[in-house]
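Read the structure below first, then the notes.
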Amino acid sequence: MADVYRGTDLRLGRDVAVKILRADLARDPQFLARFRREAQSVAGLNHVSIVAVYDSGEEIQGDGVDGVKAPYIVMEIVQGETLKGLLKAGEVSVDQAVEYTLGVLAALEYSHKAGIVHRDIKPGNVMVRSDSGRVKVMDFGIARAVTDSSATMTQTQAVVGTAQYLSPEQALGETVDARSDLYSAGCLLYELLTGKPPFQGDSPVSVAYQHVQGIAVPPSKLNPDVSGALDSVVAKAMRKRREDRFPDAAAFRRALRAALGGVAVHDAPQDSTAANLVAVPADALTAAVEQQTTARHRAAGGAAGESTTALAQVPEHGAGHGAEAAADVTPAPYGTAEDALTLTQDQLRVLLPEIRNLPEVQQAQRKHRRHRRGLMVTIWIFVLMVLGGAGFGIYSWLTRPIPVEMVAVPAVAQLTESAAMQKLYDARLQPKVTHVASATVPEGTAIETDPREGEMIEVNKDVKLVVSAGPTAVQIPDKLQGQSEAAVRDILRAAGLKSTPVTSFADSATVPANQVIATKPASGQTVPVNGAVQIIVSTGKVEVPELRGQTVDQATTVLEGLGLQVGVEEKDNAVVPEGQVTGQSVAAKDRIDQGGTVVLTVARKPTPPPTPSSTPSATPSGKPTADGG
1 MADVYRGTDL
11 RLGRDVAVKI
21 LRADLARDPQ
31 FLARFRREAQ
41 SVAGLNHVSI
51 VAVYDSGEEI
61 QGDGVDGVKA
71 PYIVMEIVQG
81 ETLKGLLKAG
91 EVSVDQAVEY
101 TLGVLAALEY
111 SHKAGIVHRD
121 IKPGNVMVRS
131 DSGRVKVMDF
141 GIARAVTDSS
151 ATMTQTQAVV
161 GTAQYLSPEQ
171 ALGETVDARS
181 DLYSAGCLLY
191 ELLTGKPPFQ
201 GDSPVSVAYQ
211 HVQGIAVPPS
221 KLNPDVSGAL
231 DSVVAKAMRK
241 RREDRFPDAA
251 AFRRALRAAL
261 GGVAVHDAPQ
271 DSTAANLVAV
281 PADALTAAVE
291 QQTTARHRAA
301 GGAAGESTTA
311 LAQVPEHGAG
321 HGAEAAADVT
331 PAPYGTAEDA
341 LTLTQDQLRV
351 LLPEIRNLPE
361 VQQAQRKHRR
371 HRRGLMVTIW
381 IFVLMVLGGA
391 GFGIYSWLTR
401 PIPVEMVAVP
411 AVAQLTESAA
421 MQKLYDARLQ
431 PKVTHVASAT
441 VPEGTAIETD
451 PREGEMIEVN
461 KDVKLVVSAG
471 PTAVQIPDKL
481 QGQSEAAVRD
491 ILRAAGLKST
501 PVTSFADSAT
511 VPANQVIATK
521 PASGQTVPVN
531 GAVQIIVSTG
541 KVEVPELRGQ
551 TVDQATTVLE
561 GLGLQVGVEE
571 KDNAVVPEGQ
581 VTGQSVAAKD
591 RIDQGGTVVL
601 TVARKPTPPP
611 TPSSTPSATP
621 SGKPTADGG
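Be aware that the sequence shown starts at 1, since it is given in the UniProt record's numbering, and climbs by one per residue.
This is the structure:
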């Protein structure tokens with residue numbers, strides 16, 4: 001029906017699977033409209049056991065006038081293997097069969113509540129993840145879109161379903177509902193337990209007939225490891241009348257879990273229509289139907305008899321999301337592979353009259369109608385008797401409170417969001433996620449539920465699941481100075497900062513080059529999780545200040561405070577006071593490496609010139625003293 005490609009989401013940088021509808025199906029405008037509606041509704045299915053749909057759109061296939069808008073769906077890519085592949089490899093144990101089916105039923109329970117019926121549950125549409133072992137159900141909505149297409153779609157290869165997993169109502173062309181999926185899930189469980197589908201035949205006709213009239217051999221007859229309790233669950237799921245099956249996927253899951261503990265299903269009586277089944281060999285049945293079909297068309301003078309008796313099969317393709325383009329659909333004679341028997345719409349139109357006209361089917365339907373008439377007469381007699389004798393009692397009975405099943409809300413605190421949701425689903429509750437800010441609970445971790453853990457509420461009720469969105473603000477950590485820029489970024493991210501800090505550089509006398517000096521806001525201050533943060537990184541340089549005019553002691557103190565070495569060179573200066581700095585080897589505002597040397601030029605008082613000596617005079621310089629007289 002479609003080709004599957006591996007693609008890349010360029011916006012989010014993730015691998016995706018792109019499923020593109022074949023051009024022949026894309027030419028029907030009504031099919032296109034239904035396909036778009038189905039894609040939209042399926043995109044709303046958000047469940048751990050359902051392959052997520054990310055987007056949908058259209059692309060032109062073909063050139064010129066032959067071009068057609070083909071719709072496509074962009075899906076989650078799943079790494080793993082289909083159940084079909086695991087069955088072929090014989091790698092499914094009884095416990096695994098139950099676990100895989102529980103996952104499929106969880107997906108069906110969720111989709112049925114959303115109004116989506118799968119209509120093609122089979123091993124090829126179920127993936128098992130290679131990393132976790134969880135199942136992923138694929139192709140939700142696609143089978144429904146094909147089945148619901150208008151009568152204008154006449155392609156003979158449009159697949160209605162795989163014969164080995166068709167419900168009786170699908171085989172008879174009746175409307176289907178959620179219980180039809182449960183029948184197919186029962187067939188899937190049967191094959192997982194035994195390695196074989198419940199009904200096999202040489203053609204889709206014979207297999208479809210067995211779904212309507214046949215009784216499958218109990219799985220325990222084919223696999224001794226299967227318990228009688230599991231036999232009863234499979235039998236209940238595969239009842240011919242949908243009213244006799246499990247009412248919903250949740251009930252099927254509960255019964256399957258109980259069967260693991262040895263609890264069998266006791267409320268499923270033997271199908272009365274199948275109890276009197278007359279076995280008809282598959283090859284004889286096929287031959288008889290084909291003879292009837294050929295004769296009817298010849299009697300009508302139509303040459304189309306050959307096309308209706310040549311029942312083509314459509315091989316499954318695109319079974320593994322993430323594969324390259326799937327192989328083209330190629331008609332082949334039926335009977336080449338039992339696990340590839342499929343029914344197309346044209347085949348179904350031909351087969352329905354043949355199946356309905358089989359003597360065994362007509363006999364069973366007549367018996368069923370007689371049974372229903374007898375039952376209705378009995379009910380009316382009972383109602384009249386009760387109304388005549390105990391009208392008030394009937395009124396009280398009809399108006400009595402209907403007991404409801406209660407369940408305790410499980411503990412989910414400290415679980416991841418997905419694990420908490422799964423635990424609530426397993427408890428038959430419907431989680432409604434709300435994200436709130438929390439400074440103490442990690443982002444994506446469950447905080448609490450409403451109603452609280454342990455409270456009793458009705459099954460299938462909504463439960464508010466509160467999940468941490470992380471803190472709204474973070475505190476800038478301490479002790480960032482002296483660390484590398486990369487280390488500080490990691491510390492800020494671990495503290496809860498979601499924005500990307502910017503980097504600036506500044507000189508520092510003490511912090512080595514390429515190490516963080518400080519942040520803005522500073523350590524200890526708070527900032528919004530998406531707020532701006534600046535990381536200031538040291539250049540390893542020091543700016544030299546203006547030192548001229550200071551005393552040598554003052555200048556030395558300043559330079560040593562900057563971590564620089566000081567050199568002094570004295571020069572005579574008669575103008576500037578002695579000891580005052582008159583020059584510096586590094587100009588003011590120039591930058592040097594940390595620990596560098598600055599030579600100061602310091603004024604020194606000049607040495608006075610020497611006084612010249614006196615010349616003796618011929619004349620005495622003074623009067624003679626009294627002694628000299």
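No residue lacks a Cβ here, since even glycine has one placed at the ideal position from N, Cα and C.
Note that this is a predicted model, so its numbers are computed, not measured.
So, is Ser504 buried or exposed, given that buried needs 16 or more other C-beta atoms within 10 angstroms? By the C-beta density criterion, Ser504 is exposed, having fewer than 16 other C-beta atoms within 10 angstroms.
For a test of the three-state rule: what should DSSP assign to Gly57, helix, strand or coil? strand
Classify Asn125: buried if its beta carbon has 16 or more other beta carbons within 10 angstroms, exposed otherwise. That one is buried.
Between the C-alpha atoms of Arg257 and Asp231, what's the straight-line distance to the nearest angstrom? Straight across, the Cα-Cα distance linking Arg257 with Asp231 is about 13 angstroms.
Can you name, in chain order, every residue of its own chain whose Cβ lies under 8 angstroms from the Cβ of Thr467, other than the five neighbours on each side? Here the sequence assigns Val to residue 467, which means Thr is not the residue at that position. Cβ contact annotation for Val467 (same chain, cutoff 8 angstroms, sequence separation greater than five): Glu417, Ala420, Val433, Thr434, His435, Val436, Gly444, Thr445, Ala446, Ile447, in chain order.
Met421, DSSP secondary structure in three states: helix
Would you mind sorting Asn46 into buried or exposed? The rule is 16 or more other CB atoms within 10 Å of its CB. exposed
Quick test of your reading: Met138 and Gly186, contact by CB under 8 angstroms. State the CB separation rounded to the nearest angstrom. No, Met138 and Gly186 are not in contact; Cβ-Cβ is about 19 angstroms, not under 8 angstroms.
Between which two residues does the beta strand (DSSP E) containing Leu193 stretch? No beta strand (DSSP E) holds Leu193; the alpha helix (DSSP H) holding it covers 178 to 194.
Along the beta strand (DSSP E) that carries Tyr72, what are the first and last residues, could you check? Following the DSSP letters along the chain, one finds Tyr72 inside the beta strand (DSSP E) bounded by residues 68 to 76.
Continuous alpha helix (DSSP H) assignments of at least 4 residues falling wholly in the UniProt domain "PASTA" (403 to 469): You should have 417 to 426.
Through-space distance from Val128 to Lys88, alpha-carbon basis: Their Cα atoms are separated by approximately 14 angstroms.
Check whether the segment 74 to 85 and the segment 421 to 432 are in contact - that is, three or more C-beta pairs closer than 8 angstroms. no
DSSP three-state call for residue 634: helix, strand or coil? Limits of the chain in this structure are 1 at one end and 629 at the other, which puts residue 634 out of reach.
Would you list the one or two residues that DSSP bridges to Thr519? According to DSSP, Thr519 bridges with Ile535.
So if DSSP puts Ala506 in a beta bridge, which residue, or which two residues, is it bridged to? Ser538
Is the beta carbon of Leu189 less than 8 angstroms from the beta carbon of Val234? yes
Quick one: which unbroken alpha helix (DSSP H) runs of 4-plus residues sit fully inside the segment 203 to 230? Chain order, please. 204 to 213, 219 to 222
Inspect the beta-carbon positions of Val511 and Ser484 and report whether they are closer than 8 angstroms. no
For Val234, decide whether its Cβ has a neighbour in chain D, counting only Cβ atoms nearer than 8 angstroms. Note that chain D does not occur in the displayed structure, where there is just one protein chain.
Through-space distance from Asp66 to Pro197, alpha-carbon basis: 42 angstroms
What residues in its chain sit with their C-beta under 8 angstroms from that of Glu59, if we drop five residues either side in the sequence? Ile20, Lys69, Ala70, Tyr72
Could you name the residues of the same chain whose beta carbon sits closer than 8 angstroms to that of Ala469, not counting the 5 residues immediately before and after it, in chain order? His435, Val436, Ala437, Ser438, Glu443
Secondary structure, alpha helix (DSSP H): runs of 4+ residues fully inside the UniProt domain "PASTA" (538 to 604): 552 to 561
Beta-carbon proximity list for Gly195, same chain, < 7 angstroms, skipping 5 on both sides: Leu87, Gly90
Is Arg373 helix, strand or coil by DSSP? Helix at Arg373.
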